[in-house]
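Going by this note's numbering, the sequence shown opens with residue 188, and the numbers climb by one from there.
Backbone N, C-alpha and C define an ideal beta-carbon position, used for all residues, glycine too.
What follows is one structure encoded as structure tokens, with my remarks underneath.
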Amino acid sequence: MPTDQIQTEFAYSTSSLFEGIKPRFLALSREYFGIWRLPLALVDTSGAVICRGEPPQPDCGSTEVRKRAVEESLRWGEPSMQLCPQGRVAWAVPVMLNAEVLGGIVAENVLVAPEESGRGALSAADVHRAALDLLSMAEGANLTNAALLNQRRRETRLESHRAEAIHELKEQIYRSIREIYLVEEPALISAVKRGDRRAAREILNRVLVGIYYFGRERPSLLKSFVLELVVTMSRSAVEAGADPSELLGANFSTFAELAGIDAEEALCAWLVSMLERIMDAIKSNQQYPSSVLLGAAIKYMQDNLHEE
188 MPTDQIQTEF AYSTSSLFEG IKPRFLALSR EYFGIWRLPL ALVDTSGAVI
238 CRGEPPQPDC GSTEVRKRAV EESLRWGEPS MQLCPQGRVA WAVPVMLNAE
288 VLGGIVAENV LVAPEESGRG ALSAADVHRA ALDLLSMAEG ANLTNAALLN
338 QRRRETRLES HRAEAIHELK EQIYRSIREI YLVEEPALIS AVKRGDRRAA
388 REILNRVLVG IYYFGRERPS LLKSFVLELV VTMSRSAVEA GADPSELLGA
438 NFSTFAELAG IDAEEALCAW LVSMLERIMD AIKSNQQYPS SVLLGAAIKY
488 MQDNLHEE
């Protein structure tokens, strides 16, 4: 089939999809304007305007800004502020059919006030809320792929945590994997016993960065330390009340997976999944040993001792 014919048929297909999207977009646009007094535009992947919501408003004068706003929102999983040529801001949410990006819904020419909202301008806090509202409303109208955007946001958070872990590691001088492990192990065990997933993930990130650095030339050594981490966390989970048979069954099947893992990303994902299983095993058992309850009571007293 000739290239020109393929492009024509694709353009026709996209145009027909936008015709089906327009009623939902216009309804969303009216609701959004009622809340934020901001008109919206429906654009294609190039940033060209397909149609505008009511009331119509002059555009920001740059299809490139609209295009970048759509691309960045897809990249981060949420709206990202872009600067318009007039010094105002724009943000967008991608319009998607499954995993295919058709274009986006754009708020543009938004005037930002230094502090509080007023005279047609939004404060920085209101800009943030307005952008998140657009995302929420687009997901509610089924105009975007909520699951994919949520995955992108989760990936962004993981990368952010990893960067923080690298920064923290640079501030400490470790000579070996063993030293990292000995320093971080007590806090990790404590977090696992408390069932504190967030703290355990942060510690695990720091340990992973360190063992990847020291063990990057020796994958078998790296795996052995990862395995040791899992055994330690499992033992701590049993001490915290997790069912040993449940953990042993999960560990047996997943240890076989570990043998076939070569990539660092896959190894990291495997270890995080093990942490989640261990935490789930603790959560599913409501009968905590007295040592765990005593530890929780002591921590509560330490945190609240200053109060009357």
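In whole angstroms, what is the alpha-carbon distance linking residue i and residue j?
{"i": "S216", "j": "E241", "result": "7 Å"}
{"i": "S347", "j": "D231", "result": "30 Å"}
{"i": "E206", "j": "W278", "result": "23 Å"}
{"i": "S411", "j": "R340", "result": "31 Å"}
{"i": "S202", "j": "V282", "result": "13 Å"}
{"i": "V257", "j": "G274", "result": "19 Å"}
{"i": "L284", "j": "L336", "result": "13 Å"}
{"i": "P373", "j": "R393", "result": "13 Å"}
{"i": "R316", "j": "Y219", "result": "12 Å"}
{"i": "I376", "j": "V314", "result": "41 Å"}
{"i": "G212", "j": "M268", "result": "Position check: residue 212 holds Phe in this sequence, whereas Gly was assumed. Roughly 21 Å separates the two Cα atoms."}
{"i": "A429", "j": "S421", "result": "9 Å"}
{"i": "A334", "j": "E342", "result": "12 Å"}
{"i": "P431", "j": "V425", "result": "6 Å"}
{"i": "V413", "j": "D467", "result": "19 Å"}
{"i": "R239", "j": "P210", "result": "12 Å"}
{"i": "L270", "j": "V299", "result": "11 Å"}
{"i": "I448", "j": "P243", "result": "55 Å"}
{"i": "L395", "j": "V370", "result": "13 Å"}
{"i": "E452", "j": "G221", "result": "45 Å"}
{"i": "E415", "j": "V280", "result": "44 Å"}
{"i": "N329", "j": "L409", "result": "44 Å"}
{"i": "S249", "j": "S423", "result": "57 Å"}
{"i": "Y199", "j": "I237", "result": "Below a pLDDT of 50, predicted positions are generally treated as unreliable, and Y199, at 45, falls in that range; no measurement from the model is reported."}
{"i": "L454", "j": "L391", "result": "13 Å"}
{"i": "R381", "j": "Q338", "result": "27 Å"}
{"i": "E259", "j": "E251", "result": "12 Å"}
{"i": "R255", "j": "R224", "result": "23 Å"}
{"i": "T441", "j": "A450", "result": "16 Å"}
Exposed or buried, which one is residue i when buried takes at least 16 other CB atoms within 10 Å?
{"i": "I360", "result": "Interpretation of I360 is limited by its pLDDT of 45, a score under 50 that renders its predicted location unreliable; no figure is taken from the coordinates."}
{"i": "G397", "result": "buried"}
{"i": "I469", "result": "buried"}
{"i": "N491", "result": "exposed"}
{"i": "V418", "result": "exposed"}
{"i": "A312", "result": "exposed"}
{"i": "P226", "result": "buried"}
{"i": "S407", "result": "exposed"}
{"i": "N296", "result": "buried"}
{"i": "N332", "result": "buried"}
{"i": "R253", "result": "buried"}
{"i": "G234", "result": "buried"}
{"i": "I208", "result": "buried"}
{"i": "A456", "result": "exposed"}
{"i": "L309", "result": "buried"}
{"i": "A446", "result": "exposed"}
{"i": "G327", "result": "exposed"}
{"i": "A443", "result": "exposed"}
{"i": "A286", "result": "exposed"}
{"i": "A378", "result": "buried"}
{"i": "A318", "result": "buried"}
Name the DSSP bridge partner or partners of residue i?
{"i": "Q269", "result": "A277"}
{"i": "M283", "result": "V288"}
{"i": "R239", "result": "A228"}
{"i": "V297", "result": "V276"}
If we count Cβ pairs, one from each stretch, closer than 8 Å, do we get three or more for the segment 314-322 versus the segment 252-267? At 8 Å Cβ cutoff, the stretches touch.
Take every Cβ of the segment 377-389, pair it with every Cβ of the segment 456-467, and state whether three or more of those distances are shorter than 8 Å. Result yes; three or more Cβ-Cβ pairs closer than 8 Å.
Taking one C-beta from the segment 280-297 and one from the segment 222-230 each time, how about it: are there three or more such pairs within less than 8 Å? When C-beta atoms of the segment 280-297 are compared with those of the segment 222-230, three or more pairs fall below 8 Å, so the two segments count as touching.
Can you check the segment 368-402 for any alpha helix (DSSP H) of at least 4 residues that lies completely inside it and give the ranges in chain order? Runs found: 384-402.
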